[in-house]
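Those protein sequences? They're chains A and B, same order as listed. The first sequence: position 23 = 23 (full-length UniProt numbering), numbered continuously. The second sequence: position 227 = 227 (full-length UniProt numbering), numbered continuously. For each residue, glycine too, the CB sits at the ideal point set by N, CA and C. For reference, the structure is listed below as structure tokens.
2 protein chains.
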Amino acid sequence: MARIVKAPEKRRAEIVETAERLFREVGYANCSVETIIREVGVAKGTFYYYFKSKPDILEAIVDKTLRQIVEIAEGIADDPSLTAMQKMAALLGNSHIGNDDSLDVAEMLHLPENRELHELTNVQTVLQLSPILARIVEQGIDEGVFEVENPLETIQFLFTGAQFLTEGDMFGFSRDELRKRRLVTQAIIEKTLGAPPGSFHFMNPGRELEQRHAQGKTQGSPARGRAAPKAPQP
Amino acid sequence: MARIVKAPEKRRAEIVETAERLFREVGYANCSVETIIREVGVAKGTFYYYFKSKPDILEAIVDKTLRQIVEIAEGIADDPSLTAMQKMAALLGNSHIGNDDSLDVAEMLHLPENRELHELTNVQTVLQLSPILARIVEQGIDEGVFEVENPLETIQFLFTGAQFLTEGDMFGFSRDELRKRRLVTQAIIEKTLGAPPGSFHFMNPGRELEQRHAQGKTQGSPARGRAAPKAPQP
DNA sequence: CTTGACTGACTGCCGGTCAGTCAGTAATTG
DNA sequence: CAATTACTGACTGACCGGCAGTCAGTCAAG
Chain A
1 MARIVKAPEK RRAEIVETAE RLFREVGYAN CSVETIIREV GVAKGTFYYY
51 FKSKPDILEA IVDKTLRQIV EIAEGIADDP SLTAMQKMAA LLGNSHIGND
101 DSLDVAEMLH LPENRELHEL TNVQTVLQLS PILARIVEQG IDEGVFEVEN
151 PLETIQFLFT GAQFLTEGDM FGFSRDELRK RRLVTQAIIE KTLGAPPGSF
201 HFMNPGRELE QRHAQGKTQG SPARGRAAPK APQP
Chain B
1 MARIVKAPEK RRAEIVETAE RLFREVGYAN CSVETIIREV GVAKGTFYYY
51 FKSKPDILEA IVDKTLRQIV EIAEGIADDP SLTAMQKMAA LLGNSHIGND
101 DSLDVAEMLH LPENRELHEL TNVQTVLQLS PILARIVEQG IDEGVFEVEN
151 PLETIQFLFT GAQFLTEGDM FGFSRDELRK RRLVTQAIIE KTLGAPPGSF
201 HFMNPGRELE QRHAQGKTQG SPARGRAAPK APQP
């Protein structure tokens, strides 16, 4: 094949971007290294010249995505003109009017096949965003809107619950089940952070009025996927 | 090889048990179907006679484990002689004196390689145990020790946070970081369920005294694993 | 004789390796 | 300055070992 030499950063970026697209289109496990290099137009060896393994490029993709998110988050967290609540709204609100960047987190293709991508992203999101949110919480304590003992650990817990329960499709909830869980998540966050009830309404846009009406016992879906056959298939 | 015919249930159980042991010893991904059948002493075809795929047997293992846990949990939940708090202690307490069965959940080998096993187990544990815990919470509400709006969804959130944050080694926390997070988890649960502070002390045995001293800002570990190389390896 | 448990050679794919090739560039020389 | 050489780091692709999954066929038991 024609031998085309490019600047290493270009090549690397090329491969990462293609891989990211393909992973989201067909899933991580369903996308072989072969597929990636065919699409980029390089040899197998080139891939392994830039990445030490297939999981390695997955990590690179997650890192890249998270670097963008963390940057945005830090910009908001460091803004001295905003109150803690305003910062929370900016970071956790679903309504990013002009700024589509942070939507990427939620917008990841919800292929069930993308367990690997989702899990890694979830873990890293919690780990890297929590310190930033914790600082905002501390500002909120100073401002008198929050009251918590251990901001970092508390945020980590809340973030983990929210992220794994309602993002990434791990539990296979229906749209309605998700809606309800997001509502309850909001209530728990407010209670735990000692914030006024309803103050995190931005997490569930357009639902400010029904905060207290979310009663009744919805059943969670039972085990997802096909039931394990108890007897051998004849 | 000698052809030995066994009762299907026996065979199936044999394969499941061997696979379970091997998965815990060497990890799911590192254990090929070859390894399993060699250990059991059957042919490849026999494996695929009982299970349609490798993920399928993983699901069977998780199902089996969870059936045991759910059974125990239901036994406790249905016991009319216990208060809600006693049931909570029995289910969530780490001190299972004579009964080693439920230890299995926590005792799963903490191989980092066992992501697949851990994730599936975590999800199913939350999904299947939450309804049972929710019933206990409702009993607790009647008894006046709890106060919550949406027991099921609340429990699911709390359970998810606790399970994913502190079990399964996903975040790579150190022993100390884990200890602290378990303490905070306890506090959050109490606050969220409207239970008296310290009433869930059984979650952190031997630490009843330091409930309020867990101050100071521990840093979470940064991104786990090797840093993604920004430049190619020369 | 029928059925259902069981066999194991075989297929196809995939992640990963490596010895070697080639492009671009710096150093050397006429 | 142009031509030649030496060098290095980007790049290649045939190849390897291993693995999940298939299937035509064998055998035991009722």
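List the residues of chain B whose Cβ lies closer than 7 Å to the Cβ of residue i, in chain order.
i: A:V123; result: M170, F171
i: A:I188; result: T154, F157, T192
i: A:G27; result: Chain B residues near A:G27: none, gap ~14 Å exceeds 7 Å.
Among the options, which one has its Cα closest to the Cα of residue i?
i: A:Q163; options: A:G144, A:A195, A:T125; result: A:T125
i: A:L120; options: B:G140, B:D169, B:D142; result: B:D169
i: B:E143; options: B:I76, B:F159, B:I36, B:Q86; result: B:Q86
i: B:N114; options: B:C31, B:Y49, B:A195, B:A2; result: B:C31
i: A:V123; options: A:L91, A:I136, A:L165; result: A:L165
i: B:I72; options: B:T192, B:Q128, B:T185, B:P8; result: B:Q128
i: B:P80; options: B:P205, B:G140, B:K180; result: B:G140
i: A:L158; options: A:P205, A:T192, A:E147, A:L66; result: A:T192
i: A:F23; options: A:K44, A:R3, A:G45, A:I57; result: A:I57
i: B:E74; options: B:N150, B:I4, B:F146, B:R135; result: B:R135
i: A:E39; options: A:V16, A:F173, A:S53, A:Y50; result: A:V16
i: A:K54; options: A:A29, A:I189, A:R175; result: A:A29
i: B:I61; options: B:L117, B:Q186, B:F146; result: B:L117
i: residue 236 of chain A; options: A:Y48, A:D78, A:L82; result: Since the displayed chain A opens at 1 and closes at 234, residue 236 of chain A lies outside it and no answer follows.
i: B:V70; options: B:E59, B:S130, B:A19, B:V42; result: B:S130
i: B:E20; options: B:I37, B:I155, B:N150, B:R182; result: B:I37
i: B:L178; options: B:E167, B:I188, B:A187; result: B:E167
i: A:T8; options: A:L82, A:Q68, A:N204, A:T46; result: Note that residue 8 of chain A corresponds to Pro in the displayed sequence, not to Thr. Checking every option, the nearest Cα to that of A:P8 belongs to A:T46.
i: A:F180; options: A:P205, A:V5, A:P196; result: What sits at residue 180 of chain A in the sequence shown is Lys, not Phe. Residue A:P205 is the option with its Cα nearest to A:K180.
Secondary structure at residue i, three-state DSSP: helix, strand or coil?
i: B:R3; result: coil
i: A:D79; result: coil
i: B:N30; result: coil
i: B:M170; result: coil
i: A:P8; result: helix
i: A:D101; result: Bear in mind that the predicted position of A:D101 carries a pLDDT of just 41, short of 50, making it unreliable; the figure below should be weighed with that in mind. Coil at A:D101, not helix or strand.
i: A:P197; result: coil
i: B:G161; result: helix
i: B:V42; result: coil
i: B:F47; result: helix
i: B:V145; result: coil
i: B:G206; result: coil
i: A:G93; result: coil
i: B:N150; result: coil
i: A:K52; result: coil
i: A:A60; result: helix
Can you check whether the C-beta of residue i is within less than 8 Å of a C-beta belonging to chain B?
i: residue 236 of chain A; result: Outside the displayed range of chain A (1 to 234) lies residue 236 of chain A, so it cannot be described from this structure.
i: A:L133; result: no
i: A:R3; result: no
i: A:L165; result: yes
i: A:R115; result: yes
i: A:G161; result: yes
i: A:L129; result: no
i: A:E107; result: For A:E107, the predicted model reports a pLDDT of 44, less than 50, meaning its position is unreliable and no value from the coordinates is stated.
i: A:L209; result: In this prediction, A:L209 has a pLDDT of 49, which is less than 50 and means its spatial position is unreliable; what the coordinates show is noted afterwards. With 8 Å as the cut-off, A:L209 does not count as an interface residue toward chain B.
When you compare the CB of residue i with every CB in chain A, is at least one pair closer than 8 Å?
i: B:V40; result: no
i: B:Q156; result: yes
i: B:K191; result: yes
i: B:F200; result: no
i: B:G140; result: no
i: B:E119; result: yes
Just the chain B side, please: which residues come within less than 8 Å of residue i by C-beta, in chain order?
i: A:R179; result: Under the 8 Å cutoff, chain B gives no residues; its nearest Cβ is about 11 Å from A:R179.
i: A:T83; result: Per Cβ cutoff of 8 Å: no residues; A:T83 is ~22 Å from chain B at best.
i: A:T18; result: None at all; the shortest Cβ gap to chain B is about 17 Å.
Please list, in chain order, the chain A residues whose beta carbon lies closer than 7 Å to that of residue i.
i: B:V184; result: N150, E153, T154, F157
i: B:F146; result: Within chain A, no residue comes near B:F146; the closest Cβ sits about 13 Å away, beyond 7 Å.
Sorry if obvious, but does the Cβ on residue i come closer than 7 Å to a heavy atom of the ligand HEM?
i: B:T166; result: Questions concerning the ligand HEM fall outside what the structure shown contains, since it holds no ligand whatsoever.
What does residue i touch in chain A if you count any residue whose Cβ is under 9 Å from its own?
i: B:G93; result: Chain A residues near B:G93: none, gap ~20 Å exceeds 9 Å.
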